[in-house]
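Trainee:
Number of protein chains: 2
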Amino acid sequence: MSDKPVPAISSAELEVIKTLWDRGPMAARDVFAALPEGHGWAIKTVKTLLSRLVAKGAVTYEQVGNSYLYQPAVTREQVTRRELKGFVEHVLDGRLMPILHFIEGSADLSDAEIAQLEKILEKQRKGSAE
Amino acid sequence: MSDKPVPAISSAELEVIKTLWDRGPMAARDVFAALPEGHGWAIKTVKTLLSRLVAKGAVTYEQVGNSYLYQPAVTREQVTRRELKGFVEHVLDGRLMPILHFIEGSADLSDAEIAQLEKILEKQRKGSAE
DNA sequence: ATCTATAGCCTACACGTGTAGTCGTTGTCA
DNA sequence: TGACAACGACTACACGTGTAGGCTATAGAT
Chain A
1 MSDKPVPAIS SAELEVIKTL WDRGPMAARD VFAALPEGHG WAIKTVKTLL SRLVAKGAVT
61 YEQVGNSYLY QPAVTREQVT RRELKGFVEH VLDGRLMPIL HFIEGSADLS DAEIAQLEKI
121 LEKQRKGSAE
Chain B
1001 MSDKPVPAIS SAELEVIKTL WDRGPMAARD VFAALPEGHG WAIKTVKTLL SRLVAKGAVT
1061 YEQVGNSYLY QPAVTREQVT RRELKGFVEH VLDGRLMPIL HFIEGSADLS DAEIAQLEKI
1121 LEKQRKGSAE
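Okay, here's the thing in structure tokens:
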């Protein structure tokens, strides 16, 4: 069961792996093509980032013809959770209020988000009811 | 009114400026002494970090005797907000659900946090009521 | 069978950061 | 008034990261 630790992923690498999460396994040139417009990267840069992701164990590949089909080895949820945890611990020192203020300042929340908020409240009331 | 942009603050620098936020203006050696135990830094390291914070405009100082009394030039709220915004934009792509799940997974929330959650919900209901 | 575009691998380089050391100056104690 | 401790300025250096170029092998087109 030993969960491999989710590696740290830099911000440029994150843009690349996001593409893989969103569109599934693909070759380097397709990642390049699929990146949001205006990123301004050379394809070489994207390839470097893919290699680094592989080196970190965040991405794997399968050889197809003379090229690789890259695919994520960690899920978006794993990475998101890791980053969120680190952020809350190290930047916020575990405090949640700044986040709650931030959310308060957000424009409309979706129905799902509102439902989630209600769920949290309910859970808290239940947990402390005694 | 030109708000100076809040500078990016690295994680080691953050530990240092937190000390200033928590305990007010102090000399380098006092910052060093006030850091959480077990940080393992040399005092030289702390001084370097203070200098870098000054260079970034995050901290200012006033000369007293032969040393400086350092004090924050940006507030904890400014920095927290800046980091939170960046995090939500770049890591979460603006999605709030991961945060809400994280909060759900937290142990007990404080009364203040629960009140804030209720406030958010109320505000959302009001905003969309029409 | 040959050519060429493209692939991945390795290398490069500047900048921020973590982590500290050296050096010249100066406040302070004896 | 002289010695010394402590200060800040400057320097150092390795590592991660952003950003890409060169090199060699080869898949695929003709």
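As given, the protein sequences belong to chains A and B, one line each in that order. Residue numbers for the first sequence follow the numbering used here, beginning at 1 and rising by one. Residue numbers for the second sequence follow the numbering used here, beginning at 1001 and rising by one. Think of the CB as a built atom: it goes at the ideal place given N, C-alpha and C, for glycine as much as any other residue.
1. His1101 of chain B to Gln116 of chain A, Cα distance in whole Å?
2. Quick check: Glu113 of chain A and Arg52 of chain A, are their CB atoms within less than 8 Å of each other?
3. Just verifying my parser: in three-state terms, what is the DSSP assignment at Glu37 of chain A?
4. Find the residues of chain A that neighbour Thr1045 of chain B, judging by a C-beta separation of less than 9 Å, and give them in chain order.
5. On the DSSP bridge list, what partners appear for Leu1069 of chain B?
6. Using a Cβ cut-off of 8 Å, pull out every chain B residue sitting near Met97 of chain A, in sequence order please.
7. Could you pull out every residue in the same chain whose Cβ sits closer than 6 Å to the Cβ of Ala34 of chain A, ignoring the five residues on either side in sequence?
8. What does Val59 of chain A reach in chain B if we use C-beta pairs closer than 9 Å?
9. Between the segment 1077 to 1090 of chain B and the segment 1028 to 1045 of chain B, can you find at least three pairs of beta-carbon atoms closer than 8 Å?
10. My understanding is that Pro7 of chain A touches Gly57 of chain A, with C-beta atoms under 8 Å, so please give their C-beta distance in whole angstroms.
11. Return the Cβ separation of Val59 of chain A and Gln71 of chain A in integer angstroms, given the expectation that the two are a contact with Cβ distance under 8 Å.
12. Report buried or exposed for Ala1107 of chain B, applying the criterion of at least 16 other Cβ atoms within 10 angstroms of its Cβ.
13. Please confirm whether Glu104 of chain A and Lys1004 of chain B have their CB atoms less than 8 Å apart.
14. Per DSSP, which one or two residues make a beta bridge with Met1026 of chain B?
15. Cβ of Asp30 of chain A less than 8 Å from any chain B Cβ?
16. Looking only at its own chain, which residues have a Cβ that is under 7 Å from the Cβ of Ile1017 of chain B, when we skip the five neighbours before and after it?
17. Return the residue from the list A:Lys126, A:Gly127, A:Ile99 that minimises the CA-CA distance to Ile1120 of chain B.
18. Helix or strand or just coil, what does DSSP make of Val1054 of chain B?
19. How long is the line joining the alpha carbons of Gly127 of chain A and Leu1109 of chain B, rounded to whole angstroms?
20. Closer than 7 Å by C-beta to Val1088 of chain B: which residues in its own chain qualify, once you throw out the five before and the five after it? Chain order, please.
21. Measure the alpha-carbon distance for Pro1036 of chain B versus Asp1030 of chain B and round it to whole angstroms.
22. Are any of the Cβ atoms in chain B nearer than 8 Å to that of Gln124 of chain A?
23. Gly1127 of chain B by DSSP, collapsed to three states: which one?
24. Using a C-beta to C-beta distance shorter than 8 Å, which residues of chain A count as neighbours of Thr1080 of chain B?
25. Nearest-angstrom Cα distance between Thr48 of chain A and Arg76 of chain A?
Mentor: The short version:
1. Indexing the second sequence from 1 puts residue 1101 of chain B at position 101. Indexing the first sequence from 1 puts residue 116 of chain A at position 116. Spanning the two alpha carbons is a distance of roughly 8 Å.
2. Locating residue 113 of chain A in the first sequence gives position 113, counting from the first residue. Locating residue 52 of chain A in the first sequence gives position 52, counting from the first residue. Their beta carbons are not under 8 Å apart, which means Glu113 of chain A does not touch Arg52 of chain A by this criterion.
3. Taking the first sequence and counting its residues from 1, one reaches residue 37 of chain A at position 37. Note: Glu37 of chain A maps to coil in three-state DSSP.
4. As a working note, residue 1045 of chain B is residue 45 in the second sequence. Correct list: empty, because the minimum Cβ distance to chain A is about 18 Å.
5. Position 69 of the second sequence, counting from 1, holds the residue named residue 1069 of chain B. Leu1069 of chain B is bridged by DSSP to B:Glu1062.
6. Numbered from its first residue, the first sequence carries residue 97 of chain A at position 97. Result: Ala1112, Glu1113, Gln1116.
7. In the first sequence, residue 34 of chain A corresponds to position 34, counting from 1. The residues Thr19, Arg23, in chain order, have a CB closer than 6 Å to that of Ala34 of chain A in the same chain once the five nearest residues on each side in sequence are set aside.
8. Here residue 59 of chain A refers to the residue found at position 59 when the first sequence is read from its first residue. Per Cβ cutoff of 9 Å: no residues; Val59 of chain A is ~17 Å from chain B at best.
9. no
10. Residue mapping note: residue 7 of chain A aligns to position 7 of the first sequence, counting from 1. Residue mapping note: residue 57 of chain A aligns to position 57 of the first sequence, counting from 1. Confirmed, Cβ separation roughly 6 Å.
11. The residue labelled residue 59 of chain A in the question sits at position 59 within the first sequence. The residue labelled residue 71 of chain A in the question sits at position 71 within the first sequence. About 7 Å separates the two Cβ atoms, so the contact holds.
12. Taking the first residue of the second sequence as 1, we reach residue 1107 of chain B at position 107. Label assigned to Ala1107 of chain B: exposed.
13. Along the first sequence, read from residue 1 onward, the residue named residue 104 of chain A stands at position 104. Along the second sequence, read from residue 1 onward, the residue named residue 1004 of chain B stands at position 4. The answer is no: Cβ separation not under 8 Å.
14. Indexing the second sequence from 1 puts residue 1026 of chain B at position 26. As DSSP reads the structure, Met1026 of chain B sits in a beta bridge with B:Tyr1070.
15. Here residue 30 of chain A refers to the residue found at position 30 of the first sequence. No, because no Cβ of chain B sits closer than 8 Å to the Cβ of Asp30 of chain A.
16. As a first step, residue 1017 of chain B must be located in the second sequence, where it is residue number 17. Hits under 7 Å: Ile1009, Leu1053, Ala1058, Val1059, Pro1072.
17. Position 120 of the second sequence, counting from 1, holds the residue named residue 1120 of chain B. Of the candidates A:Lys126, A:Gly127, A:Ile99, the one whose C-alpha sits nearest the C-alpha of Ile1120 of chain B is A:Ile99.
18. Here residue 1054 of chain B is taken as the residue at index 54 of the second sequence, counted from 1. DSSP places Val1054 of chain B in helix when its eight states are reduced to three.
19. For the purposes of this step, residue 127 of chain A is taken as the residue at position 127 of the first sequence. For the purposes of this step, residue 1109 of chain B is taken as the residue at position 109 of the second sequence. Computed Cα separation, rounded: 10 Å.
20. Taking the first residue of the second sequence as 1, we reach residue 1088 of chain B at position 88. Here the set comprises Gly1094.
21. Against the second sequence, residue 1036 of chain B aligns to sequence position 36. Against the second sequence, residue 1030 of chain B aligns to sequence position 30. If I take the Cα positions, the gap works out to 12 Å.
22. Translated into positions along the first sequence, residue 124 of chain A becomes position 124. Judged by the 8 Å Cβ criterion, Gln124 of chain A is in contact with chain B.
23. For this step, residue 1127 of chain B is matched to residue 127 along the second sequence. Looking at Gly1127 of chain B - three-state DSSP - the assignment turns out to be helix.
24. The residue given as residue 1080 of chain B occupies position 80 in the second sequence. In chain order: Val91, Leu92, Pro98.
25. As a first step, residue 48 of chain A is located in the first sequence; it is residue number 48 there, counting from the start. As a first step, residue 76 of chain A is located in the first sequence; it is residue number 76 there, counting from the start. Their Cα atoms are separated by approximately 20 Å.
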